[in-house]
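Chemist:
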Amino acid sequence: LAVLHGTGRALSNMGLLQILQRMNPCESQYRILMLGLDGAGKTSIIKALKTPEGDVPETLPTPGFTVQSIPCQEVKLNIWDIGGAA
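If you're matching positions, the sequence shown starts at 3 in our numbering and goes up one per residue.
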């Protein structure tokens, strides 16, 4: 997860922002849906992106869903984290 920290820089290096901006260049915010198996690390990835130093605090299973906004360069990422825990 250390590769993911640094809001904007790591996302840009991975190409996520480039792909989103090519698909819709005029948007100032993007909505992303995080799906995966229980315990796969979806919430940990989001928390690593939000933390500048990349430290991920201990996470609990996500009941239902959460929506988190992450400012990244000149856009805002709204990430929907769908949890599998009941």
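Every residue, glycine too, gets a C-beta built ideally from N, C-alpha and C.
Out of Gly17, Ile48, Asp83, Ala50, which has the shortest C-alpha to C-alpha gap to Phe67?
Modeler: Sequence index remark: in the sequence shown, residue 67 carries index 65 (1-based). The option with the nearest alpha carbon to Phe67 is Asp83.
Chemist: What do you get for Ala50, buried or exposed, if any count of 16 or more other CB atoms within 10 angstroms of its CB means buried?
Modeler: As a working mapping, residue 50 is identified with position 48 in the sequence shown. When all chains shown are included, Ala50 counts as buried.
Chemist: Note down, in chain order, each residue of its chain lying with its Cβ closer than 8 angstroms to the Cβ of Glu76, except the 5 sequence neighbours on either side.
Modeler: Taking the sequence shown and counting its residues from 1, one reaches residue 76 at position 74. Once the five neighbours on either side are set aside, the close Cβ partners of Glu76 are Ser30.
Chemist: Buried or exposed for Leu79, going by 16 or more other Cβ atoms inside 10 Å?
Modeler: Counting from 1 along the sequence shown, the entry for residue 79 is found at position 77. Counting Cβ neighbours within 10 Å, Leu79 comes out buried, since at least 16 surround it.
Chemist: Relative to the C-alpha of Val69, which residue among Gly85, Leu62, Leu39 is closest?
Modeler: For this step, residue 69 is matched to residue 67 along the sequence shown. Of Gly85, Leu62, Leu39, the residue nearest in Cα terms is Gly85.
Chemist: Taking only the alpha-carbon atoms, compute the straight-line gap between Gly41 and Pro63 and give it to the nearest angstrom.
Modeler: For the purposes of this step, residue 41 is taken as the residue at position 39 of the sequence shown. For the purposes of this step, residue 63 is taken as the residue at position 61 of the sequence shown. Going by the C-alpha atoms only, they are around 7 angstroms apart.
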